[in-house]
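Take the sequence shown: its letters are residues 191 to 361, numbered as in the working numbering.
Remarks on the structure that follows.
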Amino acid sequence: GNAHFGKGEYAEAILAYTDALDMIPDTESKNRAIFLANRAACHMMESEWQNAITDCTASLQLDTEYVKAVKRRAKAFEELDRLHDALEDWKKVAELEPGNRDAAKQIHRLEPLVQKKFEEQKTEMLGKLKDLGNSLLGKFGMSLDNFQAVQDPNTGSYSISMKQGNNSGTA
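Here you go:
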């Protein structure tokens, strides 16, 4: 597999690593983890991100501290825009190798992106919930605009009440 990988023959390398995995006993968990992570590297070179994630995850089930597998999976997660998963993997790298500068750099870079994506998803979800609420309330001549939500600063929970004196003229 390594010889094919070095020549840029990634499909052939994938087959070679698969053959090696078929031949090696299950008791050789360390070597199986390496072969899986190497096959994942081939998948990455072919932009087969989900296959890379699958192989890295299988590798990490055999060797939870195999840093190369964690790094590769983090990169594949990011390629699929699974930024939170990528961030978690980079945190795992930093935990396994406390002085790893690349991990620190990636964490610093990804944290604001993950937060931004979370806020975008939250806004999108609230919009969809409002649309659903309006479609249901519309049957009664109302909309969510007839209600007011006030957040409790202590608990973060919301109380919802009907706005007074704000009839839109609908029955």
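Note that CB positions come from ideal geometry on N, CA and C, so glycine has one too.
All figures in this text were calculated on a predicted structure; none of them were measured in a lab.
In whole angstroms, what separates the C-alpha of L277 from that of P343?
29 Å
Should L250 go down as buried or exposed, given a rule of 16 or more other Cβ atoms within 10 Å for buried?
buried
On a Cα-Cα basis, can you pick out the residue from A230, S219, L303 that is closest to N192?
A230
Straight-line CA distance for L322 to S347?
21 Å
Please state whether DSSP places M234 in a helix, a strand or coil.
helix
Can you name, in chain order, every residue of its own chain whose Cβ lies under 7 Å from the Cβ of S333, other than the five neighbours on each side?
N324, L327
Quick check: what's the CA-CA separation for W239 versus G317?
31 Å
Quickly, what does DSSP pair F337 with across the bridge? List them, please.
Answer by DSSP bridge pairing, in chain order: M352.
From T254 to A242, what distance separates their C-alpha atoms?
16 Å
Among the residues of its own chain, which have a CB less than 7 Å from the CB of K281, if the five just before and after it don't count?
I297
Do L226 and L273 have their beta-carbon atoms positioned less than 8 Å apart in this structure?
Using a Cβ distance threshold of 8 Å, L273 and L226 do not count as a contacting pair.
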